[in-house]
Amino acid sequence: MHVAIIMDGNGRWASQRGLPRTAGHREGAKTVDKVVEAAARRGIDTLSLYAFSADNWGRPRGEVAALFALLRRYLLSQTPRCLERAIRINVVGRRDRLAPEVLRTIEHSEGATAHCSGMTLRIAVDYSAQHSMLQSCRRMALESSIERSRFKEHLAEVDHAVTVTPDVDLLIRTGGEKRLSDFLLWECAYAELCFVDAFWPDYDELAFAEALDEFAKRERRFGQIGTPGRVPARVNHG
Ligand code: FPP
């Protein structure tokens, strides 16, 4: 089971309290801790969190710096905890625009947890699905055959993913907006979408459990005709 989360609403959470937007991100980082724990406890195989999109570079310099500081602090403080829980950390997205100290921290966390066989925690940083797909297409253009499986391998390489990314089963977006914002567009082809109004700092284990319960009730047909109690396998069409 692959769950992806667009953690939206930090800024509005802070504004409502008369706080700077960075206070919302700080509070949001605490929610990350809680949801990662909850996901690992509930046996989720892969959890993808959208921490910084390629378009987020357009935010004020101070906010960008605060987000990267939070990411580093998270990785430094939570890597030992992930090790205890056999969680493998993988930061996905571009790496050519990251500061050297951010890159070092990412490589340290990934290296330290590389042997972990529990949940894979994928944190998307400087990520754009459209950019990843374009880069994969450019690589495909240099090859003689065009196979779906090869495209997925290229995607993984471009994203610095440790394995070919499994399709997303459930995508959750907090903060009340109903859009995908360039997150895992290929992988979400058949994702069940769950939009919740709560701002990310107010999201919690209970809300996460509710999303999983709702997912369990959905009938997934993958374009086929449903048979009660049976999830059809996806058709392989090249
Ligand atoms: C979107 O809310 C959120 C982000 C751009 C950053 C998400 C970052 C965190 C939750 C904390 C750091 C991450 C980790 C993995 C430790 P927004 O700022 O766009 O909110 P708004 O729509 O209310 O303005």
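For the sequence shown, the residue numbers in this note's numbering are 4 to 241. In this text, a Cβ means the ideal position worked out from N, Cα and C, and glycines have one as well.
Residue from ALA17, VAL38 and GLU208 whose Cα sits closest to the Cα of HIS28: For the purposes of this step, residue 28 is taken as residue 25 along the sequence shown, with counting starting at 1. Checking every option, the nearest Cα to that of HIS28 belongs to ALA17.
Pair within 8 Å by beta-carbon distance, TRP203 and ALA132: If you number the sequence shown from 1, residue 203 lands on position 200. If you number the sequence shown from 1, residue 132 lands on position 129. Not a contact, by the Cβ cut-off of 8 Å.
The ligand FPP heavy atom lying under 7 Å from the CB of ASP207: Position 204 of the sequence shown, counted from the first residue, corresponds to residue 207. Result no, Cβ not under 7 Å from the ligand FPP.
Heavy atom of the ligand FPP within 7 Å of TYR130 beta-carbon: For the purposes of this step, residue 130 is taken as the residue at position 127 of the sequence shown. Not under cutoff, so the answer is no.
First through last residue of the alpha helix (DSSP H) which encompasses PHE154: Position 151 of the sequence shown, counting from 1, holds the residue named residue 154. 151-162 is the span of the alpha helix (DSSP H), which, as asked, contains PHE154.
Nearest-angstrom Cα separation, counted from GLU87 out to ARG100: Counting from one through the sequence shown, the residue named residue 100 turns up at place 97. Counting from one through the sequence shown, the residue named residue 87 turns up at place 84. Cα-Cα distance, rounded: 31 Å.
Straight-line Cα distance separating PRO23 from ARG15: Taking the sequence shown and counting its residues from 1, the one referred to as residue 15 is at position 12. Taking the sequence shown and counting its residues from 1, the one referred to as residue 23 is at position 20. Cα to Cα, ARG15 sits roughly 10 Å from PRO23.
Three or more C-beta pairs below 8 Å linking the region 106-113 and the region 33-43: no
Rounded separation between THR166 and ALA159 - CA only: One-based indexing of the sequence shown puts residue 166 at position 163. One-based indexing of the sequence shown puts residue 159 at position 156. Distance between the alpha carbons of THR166 and ALA159 is about 7 Å.
Through-space distance from HIS240 to TYR152, alpha-carbon basis: Translated into positions along the sequence shown, residue 152 becomes position 149. Translated into positions along the sequence shown, residue 240 becomes position 237. The displayed chain sequence assigns Ser, not Tyr, to residue 152. Cα to Cα, the separation comes out at about 11 Å.
Cβ shell of GLY244 (< 6 Å), same chain only, five flanking positions each side left out: Limits of the chain in this structure are 4 at one end and 241 at the other, which puts residue 244 out of reach.
Reference LEU78, options GLU213, ARG107, LEU137 and ARG141, closest by Cα: One-based indexing of the sequence shown puts residue 78 at position 75. Of the listed residues, the one whose Cα sits closest to LEU78 is ARG107.
Backbone secondary structure at VAL35 - three-state DSSP: On the sequence shown, residue 35 is found 32 positions in, with the first residue counted as 1. Helix, per DSSP.
Beta-carbon proximity check, ALA43 vs ILE90, cutoff 8 Å: Counting from one through the sequence shown, the residue named residue 43 turns up at place 40. Counting from one through the sequence shown, the residue named residue 90 turns up at place 87. Contact flag set, yes.
Assumed close pair VAL105, ARG75 - CB separation to whole angstroms, cut-off 8 Å: Position 102 of the sequence shown holds residue 105. Position 72 of the sequence shown holds residue 75. With a Cβ gap of about 6 Å, VAL105 and ARG75 count as contacting.
HIS111 CB to nearest heavy atom of the ligand FPP below 7 Å: As a working note, residue 111 is residue 108 in the sequence shown. Answer for HIS111: no, Cβ out of range of the ligand FPP.
Best match in GLY46, ARG20 and ILE9 for proximity to LEU215 [C-alpha to C-alpha]: Within the sequence shown, the letter at position 212 stands for residue 215. Closest by alpha carbon: GLY46.
Three-way DSSP call (helix, strand, coil) for THR25 in this model: The residue given as residue 25 occupies position 22 in the sequence shown. If DSSP states are grouped into helix, strand and coil, THR25 belongs with the helices.
Any non-hydrogen atom of the ligand FPP within 7 Å of MET10 CB: To locate residue 10, count along the sequence shown from 1; it is residue 7. Yes, Cβ of MET10 sits closer than 7 Å to a heavy atom of the ligand FPP.
ILE92 - partner residues in DSSP beta bridges: By 1-based counting over the sequence shown, the position of residue 92 is 89. According to DSSP, ILE92 bridges with LEU124.
Three-pair Cβ contact test at 8 Å for the region 229-239 versus the region 59-72: no
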